[in-house]
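Okay, structure first, notes after.
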Ligand SMILES: Cc1ncc(C[n+]2csc(CCOP(=O)(O)OP(=O)(O)O)c2C)c(N)n1
Ligand SMILES: [Mg+2]
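Numbering (the numbering used here), first residue to last: 1120 to 1724.
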């Protein structure tokens, strides 16, 4: 689909009277810009603040607002979420700049989301002046911290506050490499006002950036691969669970072949596209059926291997229970152990693992494929068994799909609009385009409808469960795809949306077309479910679960809110038959370069 983009991004907010960039730093913040340019950082999302006025000036009047180019946001949380979405859409890191104490406080939840999501982001900020005599009364005092990085240290990979201009390049190089080295994560570098605003006495040399690149993905030891390949080749029913694995192009390509080679069913988590939905071995949704029968279970960059292979505690008093049978062997490929922190328990339940592989899936999955191929070629694999398994799995797949289709049919004409109708109509409106889903979880909320077939075609969720992620992250995905011609689609809950609707202004302003659909149940419904459950357990009235949850009187008028930010919008759409025409109109608007929003009122579940 040809999407109209009226002007190149660089033409938006181009500064006047700034000569083309040439290295000649006069102030400390010019050296920051030199380094960011050398690192090829394309964009920084920000909300302005005096604590980095020096850097702001250098970005505009020295760097020419190019590499990095600024994207103005109306909340620091949005700035960080844009960077999170951008990375997941492109595999490239971008920056976010947040004002001292208060801007960083606003940014914290998004930094936590990125941390749990293992997404590299270069977060920068200002502080000080650290030299007290230079501080303006009141404001510079309340906005100077000892030490600013303390606020986020528990959920960034590294933070720093270089003390002198000469220390800036190394600090940024380390930050860059640390963030991108697997497991990835956000880093925070804070610049004292005087470091930024002071005149440069001795121009620090710019180190050759190429010599500070992150290392290649860590491969597994040969004996671990041999062992894993043998277990897989000899298993009655091996199962692969894959979650963030799909962020690696090498792993994504190799898994398709590996799964076919040995007929290994793959169960996906919600973080990325790990295996094309249409691949015969994609059995996502079949956990409860397959895991109890599996004799070898492999985790590939799982967010929560133990949790994924368990039944959740349904009632408050009931404990989680493993779905795996006694004697099942587990193999877990993950680098997560290298990023363990203690402030939250985002490391999840400790999984029992027979063969732990502390290596990068990008290296390991191709290694496993090569080892398994060799076993097949040497005739060490029972081909009959693989054939039978493939046939059995084809039946399981067909049964699952039939059940989903039946449910879709049964609920298609519901009023209010059913979730299956909602996800089905949105899918129908975009499926013939080259699309990317920025956020929304069709696989969880209405399985069996959306087909993901390409690398990074789905960008996952917040990672940290912090609401207000969807709008900013979608803008980041749209930024990443501004020049690819892909149709960016986002599906966001009404509650999540209302925490950060202003992010859409940034998309409109920087001309980042996208289709943004609000799944509106006029409630923070997830928590209504919790109140219903508690009321059941306590034998209290369930009918009060809506109190303090539902959004009525007045119902927020999403379409009007979005129009106020310059979006094209429609809604609320309540009639099931009005949904398709509304979505078609919206897609046409996106084609013409708009940020098009459709507010759809649908059943909560
Ligand atoms: C910052 C933050 N505040 C509160 C919550 C608790 N919470 C989890 S889901 C949810 C409701 C989300 O509402 P919505 O996006 O409309 O989705 P729905 O549950 O209605 O489908 C809430 C309030 C949270 N996760 N993050
Ligand atoms: Mg809701």
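The beta carbon of each residue, even a glycine, is placed where N, CA and C say it ideally should be.
Because the structure is a prediction, the values reported are computed rather than measured.
Same chain, Cβ closer than 8 Å to residue i, five either side skipped, listed in chain order
| i | result |
| --- | --- |
| residue 1154 | 1287, 1288, 1291, 1292, 1325 |
| residue 1323 | 1150, 1284, 1285, 1287, 1288 |
| residue 1446 | 1414 |
| residue 1319 | 1144, 1145, 1146, 1147, 1149, 1150, 1284 |
| residue 1539 | 1526, 1527, 1530, 1531, 1565, 1568 |
Any non-hydrogen atom of ligand 2 closer than 7 Å to residue i Cβ
| i | result |
| --- | --- |
| residue 1614 | yes |
| residue 1640 | yes |
Whole-Å CB distance - residue i paired with residue j, under 8 Å assumed
| i | j | result |
| --- | --- | --- |
| residue 1238 | residue 1226 | That belief does not hold up - the Cβ atoms of residue 1238 and residue 1226 are roughly 14 Å apart, past 8 Å. |
| residue 1247 | residue 1263 | 5 Å |
| residue 1416 | residue 1428 | 6 Å |
| residue 1644 | residue 1723 | 4 Å |
| residue 1559 | residue 1611 | 7 Å |
| residue 1595 | residue 1205 | 4 Å |
| residue 1623 | residue 1686 | 5 Å |
| residue 1213 | residue 1161 | 6 Å |
| residue 1410 | residue 1377 | The Cβ separation is near 19 Å, so there is no contact. |
| residue 1721 | residue 1537 | 7 Å |
| residue 1300 | residue 1333 | 4 Å |
| residue 1448 | residue 1569 | Actually they are not in contact, since the Cβ atoms of residue 1448 and residue 1569 sit about 33 Å apart, beyond 8 Å. |
| residue 1597 | residue 1633 | 4 Å |
| residue 1391 | residue 1577 | 7 Å |
Residue i (DSSP reduced to helix, strand or coil)
| i | result |
| --- | --- |
| residue 1291 | helix |
| residue 1412 | helix |
| residue 1124 | coil |
| residue 1556 | strand |
| residue 1450 | strand |
| residue 1401 | strand |
| residue 1519 | helix |
| residue 1196 | helix |
| residue 1418 | strand |
| residue 1534 | coil |
| residue 1688 | strand |
| residue 1661 | helix |
| residue 1633 | strand |
| residue 1480 | helix |
| residue 1161 | coil |
| residue 1571 | coil |
| residue 1611 | strand |
| residue 1471 | coil |
| residue 1527 | helix |
| residue 1669 | strand |
| residue 1458 | helix |
| residue 1581 | coil |
| residue 1319 | coil |
| residue 1236 | coil |
| residue 1345 | helix |
| residue 1307 | strand |
| residue 1387 | strand |
Distance cut-off 7 Å: residue i Cβ against heavy atoms of ligand 1
| i | result |
| --- | --- |
| residue 1643 | yes |
| residue 1228 | yes |
| residue 1723 | yes |
| residue 1586 | yes |
| residue 1646 | yes |
Other residues of its chain near residue i: CB distance less than 6 Å, five sequence neighbours each side excluded
| i | result |
| --- | --- |
| residue 1480 | 1364, 1367, 1370, 1419, 1420, 1452 |
| residue 1148 | 1173, 1174, 1177, 1315 |
| residue 1249 | 1311 |
| residue 1374 | 1394, 1484 |
| residue 1520 | 1567 |
| residue 1201 | 1164, 1591, 1594, 1595 |
| residue 1123 | 1711, 1712 |
| residue 1277 | 1297, 1306 |
Close-in-space but distant-in-sequence residues of the same chain around residue i (CB under 7 Å, 5 per side omitted)
| i | result |
| --- | --- |
| residue 1702 | 1544, 1545, 1548, 1717 |
| residue 1572 | 1395, 1396, 1397 |
| residue 1142 | 1153 |
| residue 1534 | 1695 |
| residue 1505 | 1381, 1382 |
| residue 1343 | 1474, 1476 |
| residue 1627 | 1684, 1685, 1686, 1714 |
Neighbour flag for residue i against chain C, beta carbons, 8 Å
| i | result |
| --- | --- |
| residue 1430 | The structure shown has no chain C; it contains just one protein chain. |
Closer than 7 Å: residue i CB and nearest ligand 3 heavy atom
| i | result |
| --- | --- |
| residue 1353 | Among the ligands present in this structure, namely ligand 1 and ligand 2, ligand 3 is not found. |
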